[in-house]
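In the working numbering, the protein residues as written are 2 to 323.
Backbone N, C-alpha and C define an ideal beta-carbon position, used for all residues, glycine too.
Report on the structure given below.
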């Protein structure tokens, strides 16, 4: 490829330093123009703070035909990494679809690895749900009509938040924390559900991913506890870490009160085995909660084009349950 002033020639997606290239800038601008025509967007709304830093979300409010319900789109990259969702056609397509159907959409960014572990990341989505509930009327939505959707690691966070939701703290100084984190409907794509029985019994998720992709997740699962005597954080033992992973598995929190959940999963997925959605759906059915699993035949971890009737099922699930 030819270079001009350190930038790869036009037509590529990113420059050498990682900034959006001409083709990617064109894509982002086109998608933003499309959404600007049908919604009012507010960016970088602070829904919480951790370590002195802001946790933010973007809000898309339909200009016409609002149906009074809110959808949280969990913005999560591969293995809980941070991403710029506006560069991702899949995210932008789903946001546009929901806005066109009258939903107020909240694109929620969470803390990400490798800086933060899953023990820390798990707290962000419940906080976002509480924020959306507290401010729902401000954005033209009703506080008891909140759905969540996520893809892969974002789908996992959606399931974990949905199954471990709880009431707010009436004595909290922050009024947002007085709100409940309950969710009324979920659509999750190829999510993780059982982090200690991953594909087969007694296999940790980190072991499976390392075997399949050669990706080490040590930072994401580098759980530590504070030792007051030494003034340091000390690593958890292997047994304690396994206990933590068990508690971080949405599967173990499923009760009859879990919200209606729609799952999409490819039967050829080797990164997140379809077994993860299968055991979750089975547990939901065992306790009498509403769940539907759509197995995409021949599909791996994600697909470029929507499946037949996928969009109708995606929107229809929220239409039915919100």
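Beta-carbon contacts of residue i that lie in its chain and below 7 Å, excluding the five residues immediately before and after
{"i": "residue 156", "result": "189, 190, 191 and 192"}
{"i": "residue 84", "result": "76 and 78"}
{"i": "residue 5", "result": "Summary for residue 5: the model assigns pLDDT 31, below 50, so the residue's position carries little reliability; its value from the coordinates is reported in the next sentence. Closer than 7 Å at the Cβ level, and outside the excluded window around residue 5, lies no residue."}
{"i": "residue 1", "result": "Past the boundaries of the shown model lies residue 1; the chain is included only from 2 to 323, so the question cannot be answered."}
Endpoints, the alpha helix (DSSP H) within which residue i is located
{"i": "residue 96", "result": "90-101"}
{"i": "residue 248", "result": "239-248"}
{"i": "residue 313", "result": "311-322"}
{"i": "residue 281", "result": "276-288"}
{"i": "residue 74", "result": "No alpha helix (DSSP H) holds residue 74; the beta strand (DSSP E) holding it covers 71-76."}
Sequence-distant residues of its chain with Cβ nearer than 6 Å to residue i (five each side left out)
{"i": "residue 132", "result": "48 and 177"}
{"i": "residue 294", "result": "264, 278 and 282"}
Residue environment, residue i, which counts as buried when at least 16 other CB atoms sit within 10 Å
{"i": "residue 263", "result": "buried"}
{"i": "residue 180", "result": "buried"}
{"i": "residue 195", "result": "buried"}
{"i": "residue 209", "result": "buried"}
{"i": "residue 150", "result": "buried"}
{"i": "residue 395", "result": "Because the chain in this structure spans residues 2 to 323, residue 395 falls outside the shown range and cannot be described."}
{"i": "residue 241", "result": "exposed"}
{"i": "residue 139", "result": "exposed"}
{"i": "residue 230", "result": "exposed"}
Proximity of residue i and residue j at Cβ, strictly below 9 Å
{"i": "residue 182", "j": "residue 167", "result": "yes"}
{"i": "residue 98", "j": "residue 315", "result": "yes"}
{"i": "residue 266", "j": "residue 313", "result": "no"}
{"i": "residue 100", "j": "residue 106", "result": "yes"}
{"i": "residue 218", "j": "residue 114", "result": "yes"}
{"i": "residue 249", "j": "residue 120", "result": "yes"}
{"i": "residue 216", "j": "residue 80", "result": "yes"}
{"i": "residue 148", "j": "residue 71", "result": "yes"}
{"i": "residue 46", "j": "residue 36", "result": "no"}
{"i": "residue 174", "j": "residue 126", "result": "no"}
{"i": "residue 122", "j": "residue 160", "result": "no"}
{"i": "residue 243", "j": "residue 273", "result": "no"}
First through last residue of the beta strand (DSSP E) which encompasses residue i
{"i": "residue 42", "result": "40-51"}
{"i": "residue 65", "result": "Neither: residue 65 is in no beta strand (DSSP E) and is coded neither H nor E."}
{"i": "residue 225", "result": "225-228"}
{"i": "residue 295", "result": "292-297"}
Close-in-space but distant-in-sequence residues of the same chain around residue i (CB under 8 Å, 5 per side omitted)
{"i": "residue 285", "result": "255, 259, 262, 291 and 292"}
{"i": "residue 1", "result": "Examination of residue 1 is not possible in this model, given that the chain is present from 2 through 323 alone."}
*alpha helix (DSSP H) segments (min. 4 residues) lying fully within the region 100-186*: 119-122, 125-136 and 154-164
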